[in-house]
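Structure first, commentary second.
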Amino acid sequence: RGEGDTETALRTRTVGRLRDHYMRQGKPLLAACCHLAVGEETQALATLLQGHEIELATMLCNLRGGIEGSEEVYKLAAMKLEGLRNYQAAQECLRRCKSAEAGEQLEQMAARRAIRDSEEATDVVYLSSGVPPMAELRAKTAELKGAAGAAKTLALVRVAVLAKQYELALDAGFSAMKEAVEANQEVAEARRIAKWLCCISLLDMPEPQRLLLMSYESYFASHDAMAWDFASVVSPLFNFARDRAGRLSASAFPVSIAQMIVQEAQYHAKNGPLPQKTMELVQSVIGGVVPAPDDVKQDAHSILSKGLESTEVRSRVRGVLPYGWVIPSAACRRAGVRSFITGQQIQGPEFWLNQLTPDAPAAAISLADAAQWTRCCSFSPTGDGQILLSP
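So in the numbering used here, spot 6 of the sequence shown is number 9, and the numbers just go up one at a time.
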């Protein structure tokens, strides 16, 4: 105990250190219990979320209503239940939330669920989710056509997706997202537009539209990952975005390959030395292998010099760390499978990715990376257009 420490400060510091100790050992439940033992329910809930203990977090929210962060728990639980096709339970979780975002998630789940249904069957699904019938949605779509402004375009995209007027939704959505990114505006509305467009089956889209939508979704997802400090999926998400955008015509996607490399490197440079692969990408921009204007090259030069000088690595426990995340995956080692998104040995529980092609090789990522990926990006890392819900 240091001089001047109060009992509360000493307890907070002790609990925090114990919590980090257990998280580093891959024991999120024990870490959460450290907070519960002293009545810190909000911190316990956050720890369970970080450990991807969604079921236990949901139980805590049900037992002790009104805990800060409970909406995030219910939204993640709904994603998991939707993946299990337990739509009624997923709806119940989302109805416990009061935010507009949860309301949108409820509508988007209905849109995905009814995508192949007849109009009559779609109306039944929509009714259970509080969505107007198809006839009313079509009338609303006609009313919103030609709307100006990001908010009105978002409303048009939402209604058009629900009304299954997918071409209209894609045209309006792509135009609004490109305008927002090019103008370097706040992209919150554009991010929501991308989420609505992801409710459309990619298997029914022409190749250019499919690639463009995956480019936007993975690009926005990479920024979400940086904001939430999901360090292990930042580079894979940027790689996904660069790969899809690189297959499009030069003017189709508003962010260049070089700009995405610089954005990725800027994130890693804040957290310590640049990873080797990121450093190589930055050098490719400086050397002209990846075309870039002078200002982007200057940014790359600055990042590389700072990255070479930096030796400090942040030790804070961050990202999603499920039970046993420090132990190598025995199943993947036996199968000779490395992480599909990093190429490295998988640590902790593995998550096997579904492949549309029967003869495709087995693909897996760590449960930690799967949890982080799905909280940011709608599509599977395999790039075949499958929606990947919470593992």
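We put the beta carbon where it would ideally sit given N, CA and C, even for glycine. Because the structure is a prediction, the values reported are computed rather than measured.
The region 197-206 and the region 229-249 do not touch, with fewer than three beta-carbon pairs separated by less than 8 Å. Relative to the Cα of alanine 374, the nearest Cα in the group Phe354, Lys155, Gln91, Leu63 belongs to Phe354. By the Cβ neighbour-count rule, arginine 22 is buried, with 16 or more other Cβ atoms within 10 Å of its own. Here the region 209-216 makes contact with the region 250-269; the two share three or more CB pairs at distances below 8 Å.
In the DSSP annotation of this structure, the continuous segment of the beta strand (DSSP E) that includes tryptophan 355 starts and ends at 353-355.
At the C-beta level, serine 383 and leucine 356 come within 7 Å of one another.
The alpha-carbon of glutamate 210 is positioned some 41 Å away from that of leucine 59. With 16 or more neighbouring CB atoms inside 10 Å of its own CB, arginine 378 falls in the buried class. Between the C-alpha atoms of glutamine 358 and glycine 339 there is a straight-line separation of about 17 Å. For glutamine 350, the beta-bridge partners assigned by DSSP are Pro331.
For isoleucine 368, the enclosing beta strand (DSSP E) has its first and last residue at 367-369. Just so you know, the alpha carbons of glycine 322 and valine 293 end up roughly 31 Å apart.
The region 325-340 makes contact with the region 21-35; the number of CB pairs closer than 8 Å reaches 3 or more. Here phenylalanine 256 is near serine 218, since their CB atoms are less than 7 Å apart. With respect to the 7 Å criterion, valine 285 and alanine 272 are not classified as neighbours on the basis of their beta carbons. Judged by DSSP secondary structure, proline 364 falls outside any alpha helix (DSSP H); it is assigned neither H nor E.
Cα atoms of alanine 12 and alanine 154: separation of roughly 45 Å, rounded to the nearest angstrom. If you draw a straight line from the Cα of alanine 124 to the Cα of glutamine 91, it comes to about 16 Å.
Taking 7 Å as the cut-off, the Cβ atoms of cysteine 37 and valine 18 count as close. Bridge partners of isoleucine 390 according to DSSP: Phe382.
Within its own chain, the residues whose Cβ lies closer than 6 Å to the Cβ of alanine 81, once the five positions on either side in sequence are excluded, are Ala93, Cys96, Leu97, listed in chain order. A distance below 7 Å between beta-carbons, with the five flanking residues on each side excluded, links alanine 334 to the following residues of its chain, in chain order: Glu353. Contact annotation: leucine 392 and glycine 86 have beta-carbon atoms nearer than 7 Å. Between the C-alpha atoms of arginine 161 and tyrosine 169 there is a straight-line separation of about 10 Å.
For lysine 78, same chain residues with a beta-carbon under 8 Å away, outside a window of 5 residues either side, are Cys96, Leu97, Cys100, Glu104, Ala105, Gln108 in chain order. Close CB contacts of threonine 61 within its chain, under the 8 Å cut and outside five residues either way in sequence, are with Val76, Tyr77, Ala80, Cys96 (chain order). Excluding five sequence positions before and after leucine 140, the CB atoms of its chain that fall closer than 6 Å to its own CB belong to Val162, Leu165, Ala166, given in chain order. Taking 8 Å as the upper bound for CB-CB distance, tyrosine 129 and alanine 113 are in contact here, some 6 Å apart. For the pair glycine 72 and alanine 40, the CB atoms are not nearer than the 7 Å cut-off. For the pair glutamate 74 and leucine 159, the Cα-to-Cα distance works out to about 26 Å. Uninterrupted alpha helix (DSSP H) stretches at least 4 residues long and entirely within the region 55-99 occur at 57-66, 73-86, 90-98, given in chain order. Taking each of Ala371, Asp227, Gly291, Thr360 in turn and checking the Cα distance to threonine 385, the smallest one comes out for Thr360. The Cβ atoms of alanine 244 and tyrosine 270 lie no closer than 7 Å to each other. Serine 121 sits in coil when the DSSP states are folded into three classes, being neither helix nor strand. No residue range can be given for leucine 206, since it is assigned to no alpha helix (DSSP H) and is classified by DSSP as neither H nor E.
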